[in-house]
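**Student:**
Numbering (my numbering), first residue to last: 4 to 117.
Here it is, written out as structure tokens:
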């Protein structure tokens with residue numbers, strides 16, 4: 004499962020249950036994010052025991068994208084059977100505050116900083 008744009012790429016590696024996001028996500032609203040939402044929902048539908056969300060190469064994420072990630076975390080929380088780890092980069096400014104906010108939505112989320 005993969006979604007590509009001019010300056011971003013989102014894909015899922017089923018073998019190690021990692022969702023990778025890289026580049027710059029500046030899409031306009033829920034309609035443009037729909038293919039990415041579909042990838043995320045497909046991962047949840049497979050009901051893995053563990054998911055990693057690797058954002059280490061995601062340089063920019065607009066508010067619509069943060070909303071998509073928040074809804075994804077809420078859906079994982081509602082599943083109750085899936086553990087999630089979010090991997091971020093300390094060198095990318097937006098990630099510090101935004102990823103900690105995901106912990107408010109799901110206290111069991113594990114944050115890893117690279």
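Note that the Cβ used here is the ideal one computed from N, Cα and C, for glycine as well.
Keeping to the same chain, check which residues put their C-beta closer than 7 angstroms to that of residue 38; ignore five residues upstream and five downstream.
**Tutor:** If we look at residue 38 and ignore the five residues flanking it on each side, its Cβ neighbours are 6.
**Student:** Within 10 angstroms of its Cβ, does residue 99 collect 16 or more other Cβ (buried), or is it exposed?
**Tutor:** It counts as exposed.
**Student:** Would you decide whether residue 91 is buried or exposed? Buried here means 16 or more other CB atoms lie within 10 Å of its CB.
**Tutor:** Under this definition residue 91 is a buried residue.
**Student:** Tell me, please, which residues DSSP counts as bridged to residue 176.
**Tutor:** No information on residue 176 is available, as it lies outside the stretch 4 to 117 that the chain covers here.
**Student:** Who pairs with residue 89 in a beta bridge, going by DSSP?
**Tutor:** In the DSSP output, where bridge partners are listed per residue, residue 89 has 56 and 114.
**Student:** Tell me where the alpha helix (DSSP H) around residue 17 begins and ends.
**Tutor:** It is not in any alpha helix (DSSP H) - residue 17 carries neither H nor E in the DSSP assignment.
**Student:** So residue 95 is in the alpha helix (DSSP H); what residue range does that whole segment cover?
**Tutor:** Per DSSP, residue 95 belongs to no alpha helix (DSSP H) and is neither H nor E.
**Student:** Could you name the residues of the same chain whose beta carbon sits closer than 6 angstroms to that of residue 64, not counting the 5 residues immediately before and after it, in chain order?
**Tutor:** Excluding sequence neighbours, residue 64 sits near 28.
**Student:** Where does residue 22 land, buried or exposed, given buried means 16+ other C-beta within 10 angstroms?
**Tutor:** Buried, since its Cβ has 16 or more Cβ neighbours within 10 Å.
**Student:** Below 9 angstroms between beta carbons: does that hold for residue 50 and residue 85?
**Tutor:** Result yes, Cβ atoms of residue 50 and residue 85 sit closer than 9 angstroms.
**Student:** Spell out the partners DSSP gives residue 75 in its beta bridges.
**Tutor:** Looking at the DSSP assignment, residue 75 forms no beta bridge with any residue, so it has no partner.
**Student:** Figure out for me which residue from 62, 30 and 79 has the closest Cα to the Cα of residue 45.
**Tutor:** Among 62, 30 and 79, the Cα nearest to that of residue 45 is on 79.
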